[in-house]
Amino acid sequence: MSRTSPDRENVAVSSREAFAAWVGEAPEGRKFGQVVVRKLPSGGYEIRHASDAGSENLEVHTNPRDARDISKLTEAGEYRPLKSSPNLRRGWVLRLADDRELASAMNYLYPAAISHWYLLREGRLKTTSFRENAARQSGIYERVRYLSDEAVQNAARACCEDEVCLKKTLWDVDENTPLEMERGRGDIPCPEPCSVFISFARRVRYFEREEENTSDGNALTPGERRDLAALVEAAASGEVKMAREAEFEKPLNQRRMRYRRLTLLPKLRPEE
Ligand code: SF4
19 MSRTSPDREN VAVSSREAFA AWVGEAPEGR KFGQVVVRKL PSGGYEIRHA SDAGSENLEV
79 HTNPRDARDI SKLTEAGEYR PLKSSPNLRR GWVLRLADDR ELASAMNYLY PAAISHWYLL
139 REGRLKTTSF RENAARQSGI YERVRYLSDE AVQNAARACC EDEVCLKKTL WDVDENTPLE
199 MERGRGDIPC PEPCSVFISF ARRVRYFERE EENTSDGNAL TPGERRDLAA LVEAAASGEV
259 KMAREAEFEK PLNQRRMRYR RLTLLPKLRP EE
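Numbering (the numbering used here), first residue to last: 19 to 290.
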């Protein structure tokens, strides 16, 4: 059994205390991800969805572990593979006794976010570039090593901007190649490509291979044709039902469509 190192323990305690103090300095509360965290005049803390700021008929929870269930599914009942996606459900409030319970609930809602937030403030957050991360991948993910810089840039724009992930993207392609994108306005840092990004990058590598095998750079690839056909079929039926968040193999996946917007639209509208 592994034991927590003193260093890790220290960061957990320091970040918990710093976060509670930061929240306590703002009587109206602090927005963090999609939640507002507030210190209660009677003692303790409250967390609720930011869109429920003025709501009164909320389901009240007092056990920090309930945050795990709250964060698990979207409003539509779909599993949330990425807790920093802007699809946290509404309708609940967590009332917590102290900063330990606050940190525990926050770690279910946004895993590791408080520690990363604290380390960034302290100037001690280490980042890992895409190339470093890709070099560690094995098995079916090994192929992400072969992504071009341009494909990494487009994958990050499609996968990591605020419309689909509320973290602030701090990592780069490599130490000499910064990501050129909207890195995010929120307070939760992202120091390293996550598993959802790597899975998406694997799919993007397929797309790039198809591009390489298509002799005319302006011709549509087989995958692009399939995605367009699926979109037309869905729209014609009157219901465009999007694939789940991490179902990148399906045409109507939002991140996949965002990638197509970056790479397919210029082919369809070359004059723009
Ligand atoms: S790698 Fe991208 S999608 Fe994953 S947590 Fe970071 S910013 Fe979000």
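Think of the CB as a built atom: it goes at the ideal place given N, C-alpha and C, for glycine as much as any other residue.
Of the residues assessed, K186 falls on the buried side of the cut-off, its CB having 16 or more other CB atoms within 10 angstroms.
DSSP places P207 in the strand class (E or B) of the three-state scheme. The straight-line gap separating the alpha-carbon atoms of S122 and L283 is approximately 44 Å. If you look at L137, you'll find it in the alpha helix (DSSP H) that goes 131 to 139.
The C-alpha of I206 lies about 13 Å from the C-alpha of T145. Burial check for P82: the Cβ neighbour count within 10 Å reaches 16 or more, so the residue is buried. Distances taken from the Cβ of A174 to the heavy atoms of ligand 1 include one shorter than 8 Å.
Under the Cβ criterion (8 Å, minimum of three pairs), the stretch 217 to 236 does not count as touching the stretch 55 to 70. N172 counts as buried, since at least 16 other C-beta atoms from the protein chains shown sit within 10 angstroms of its C-beta.
Taking S156 as the centre and dropping the five residues before and after it, the same chain places no C-beta closer than 7 Å to its C-beta. For the alpha helix (DSSP H) assignment, the uninterrupted runs of no fewer than 4 residues enclosed by the stretch 44 to 120 are, from N- to C-terminal side, 84 to 90.
Within a 10 Å sphere around the beta-carbon of V250 sit fewer than 16 other beta-carbons, which makes this residue exposed.
Between S133 and A30, the CB-CB gap stays under 9 Å. For G202, the CB falls within less than 8 Å of some heavy atom of ligand 1. K285: member of the alpha helix (DSSP H) spanning 283 to 286, first to last residue. Given a length threshold of 4 residues, each whole run of the alpha helix (DSSP H) inside the stretch 166 to 204 is given here in chain order: 167 to 178.
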